[in-house]
Amino acid sequence: MCGITGAVGLKDISNVLFDGIRNLEYRGYDSCGVALMNRNSIIVKKNVGGVGDVYQKENILRHSTHLGIAHTRWATHGQVTRNNTHPFLSCDKKFAVIHNGIISNYRDLKTRLQKEGHRFDSDTDTEVIPHLLEKFYQKTSDIEASFVQTLNLLEGTFALAFITHHQPDQIYCAKRESPLLLGIGDEVKFIGSDFNAFIDHTKNAVIIDDDEYAIVSKDGYTVKNFVTNQEVEKPITRIEWDSETSKKGGYPHYMLKEIYEQPQTVVKALEVEEKTLNRLVDMIHKSKSVQLVGVGTTYYVAMYANYIFSALAGRYIPAISSDEFVSLSPADKNSFVLAVSQSGETYDTLSALKHAKSKGAKTGAIVNVMGSSISRMVDCPVLQGSGPEICVISTKAALAQMILLTRTALKLGLKDKKLTQKAYNGFMKSLKSLPDIIEALLNERSGFIHRIAHQHRNVKNWLYLGRGVYYPIALESALKMKEVAYVHAEGMPCGFLKHGTLAMIDPDIYSIVFIPPNSEKVLYQATLASVEEIRARSGFVLGIHFDERNRNPDLFSEELILPPVPPVIAPLIQMVIAQLFAYFTATSLKRNVDKPRSLAKSVTVG
Ligand code: M6R
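The working numbering applies: residue -8 is where the sequence shown begins, and numbers increase by one.
So this is what it looks like as structure tokens:
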């Protein structure tokens, strides 16, 4: 939702914070600000806009200092205005606070503080924090005690940090449910919402857990639990990602870079250790009921897996959108709930897992971000190893999740004797051919996809249609179009056409149909029948198919013909094509590709 960072130790902290906060911009980017420790005061600079703009507008780099904190915001409470931008100061301007999360009892706290004479400048929940710190410090003259008192009053979720002129060499921070890490450099220490906040400077991190706070200085750090008041020993986690993979590397956008990284992402997903997946397979195997959960793209990944588990392992494993999981409440002590999440911090998916745990279910997750809340809370985490996905639009992470879930289904099929070893080997061989096929397609077809995307950039309504396992691919591809190009796109099963949607087909409705290889005869013919239904009503159809030798200009208005591939990888290849189609539509419409309006990379609020 929002990104927070802080650093203490170097002389040019404004610069360091600039890099950190820019690397976190994908978490939120409607406004940003910094608080810098000065000899006589705390300097707060903030404004509406992206990090680059605000740094320039506010001339932040001219302030050299040894300590500071910074925040990039995705508005939840209060409009996007300068006043609502973090950091927030106490009345005496001695405390500056940044925060990610939601303080759910802020109204009560604010009313009480206002009655006591505290003045508020913003509509945010966060602003109560500096005033509480100030209030308790006036009574105790003890920063740490005031912090603990404040934390124990806050309800809701937070990763927060503050600096205070009373202790100008320390950063204080704390966490409950929103992610928070420390970065441990030799001569500089960091705090951050995730590794990207300090990955340019150190690969050593300390993961702060719920109800913990830390006091960080140039030379060290202390971590304590604010409920028990006990000091906590924290291990150092070594970050595997390098800072270069977090950069754009010559691509105009992270989205394009991440689409082009997919051959490598698939290789990594294929390299995830057998023993890790065997454990997951065992948990599925011995559980009476299994549910898959995810939200947005990861819900569609879960739906995809639903089809794959049925087809390859003969096991029905329903997919439930994380945000609906609590209402449906399908888990009990005989269940296993398998979550899918790139960030590992998504509020809805975390809530679903917590609910499942509270019912006694076992849990697992396919997750990309090491050390994330989801990866740590489940019984069986599987790290997908896709490297940082910076663009708000998920591409490579989703593909890797699909590969891992397919591998899991294959193993389960083998274990439950639904697949022979020979069939298993054949499927694995097909999966292993995927990186080269994607690589070739990206190189050879992107020009053509660019052309048709540009040609159809002004289409107002797209229908994305698929049958069977191609249906979740249609849904996911439509989501890509909506979120990056802001173009209405509706994913649906082909079978729905004659149950209502055909009524609106006319020359202004454009459809993309995901057609299976013709070796999948029944599915193939049924899909073509849907194409006929649309064409009979003068609807436009872009067919994505594998019939290299059978061009069909009479049937399709436009064809995107792919070389024949084994059925198990066919939908994945079509998904990559649809990612590029959405990307080029967005660039033709001059959209803000990596940071689409109103979205954030990890949605840590409900
Ligand atoms: O980090 P997660 O995978 O848990 O995120 C889930 C969704 O918020 C995410 O997939 C979202 O739908 C993306 N914008 C899709 O591109």
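Ideal Cβ placement from N, Cα and C applies to all residues, glycine included.
In this structure residue 494 is exposed. Its beta-carbon is surrounded by fewer than 16 other beta-carbon atoms within 10 angstroms. In terms of Cβ geometry, residue 14 and residue 195 do not form a close pair [threshold 8 angstroms]. Around the beta-carbon of residue 581, fewer than 16 other beta-carbon atoms lie within 10 Å, marking it exposed.
Considering only 175, 217 and 226, the residue with the shortest C-alpha distance to residue 209 is 175. Residue environment: residue 21 is assigned as buried (16 or more neighbouring CB atoms within 10 Å of its CB, all protein chains considered).
Taking the Cα of residue 479 as reference, the smallest distance to any Cα among 227, 432 and 576 is reached at 576. In the structure shown, the three-state DSSP call for residue 246 is helix. Assignment of residue 28 by DSSP, reduced to helix, strand and coil, places it in the strand class. Per DSSP, residue 165 is one residue of the beta strand (DSSP E) stretching across 158 to 167.
For the 8 angstroms CB-CB criterion, residue 261 and residue 423 form a contact.
Counting the other Cβ atoms within 10 Å of the Cβ of residue 420 gives fewer than 16, which makes it exposed.
For the alpha helix (DSSP H) assignment, the uninterrupted runs of no fewer than 4 residues enclosed by the region 103 to 148 are, from N- to C-terminal side, 119 to 131 and 134 to 144.
Put simply, of 246, 329 and 253 the residue whose alpha carbon is nearest the alpha carbon of residue 268 is 329. Boundaries of the beta strand (DSSP E) around residue 282: 280 to 285.
Taking C-beta atoms as the reference points, residue 488 and residue 521 count as a pair closer than 8 angstroms. Taking C-beta atoms as the reference points, residue 85 and residue 104 fail to come closer than 8 angstroms. The Cβ-Cβ distance between residue 341 and residue 364 falls below 8 angstroms. Beta-bridge partners assigned by DSSP to residue 501: 453 and 531. Burial is judged here by how many other beta carbons sit within 10 angstroms of a residue's own beta carbon; residue 426 has at least 16 and is buried.
For residue 480, the three-state secondary structure derived from DSSP is strand.
Ranked by how close their Cα comes to the Cα of residue 456, the residues 529, 499 and 565 have 565 in first place. Between residue 310 and residue 332, the CB-CB gap reaches or exceeds 8 angstroms.
Within the region 33 to 87, the complete beta strand (DSSP E) segments at least 3 residues long are 33 to 39 and 58 to 64, listed from N- to C-terminus.
Membership of residue 587 in any alpha helix (DSSP H) is not indicated, and neither H nor E is assigned to it by DSSP.
Of the residues assessed, residue 592 falls on the buried side of the cut-off, its CB having 16 or more other CB atoms within 10 angstroms.
Contact annotation: residue 152 and residue -3 have beta-carbon atoms nearer than 8 angstroms. Per DSSP, the continuous alpha helix (DSSP H) segment holding residue 430 begins and ends at 412 to 446.
DSSP places residue 330 in the uninterrupted beta strand (DSSP E) bounded by 326 to 332. Just so you know, the alpha carbons of residue 475 and residue 158 end up roughly 45 angstroms apart. The ligand M6R has a heavy atom closer than 7 angstroms to the beta-carbon of residue 590. In terms of side-chain proximity, the C-beta atom of residue 571 is found no nearer than 7 angstroms to any non-hydrogen atom of the ligand M6R. Residue 398 counts as buried, since at least 16 other C-beta atoms from the protein chains shown sit within 10 angstroms of its C-beta.
Secondary structure of residue 352 (DSSP, three-state): coil.
Per DSSP, residue 538 has no beta-bridge partner at all.
Counting every other CB atom within 10 Å of its CB across the protein chains shown gives residue 163 a total of 16 or more, marking it as buried. Annotation: the continuous beta strand (DSSP E) that includes residue 212 extends over 211 to 216.
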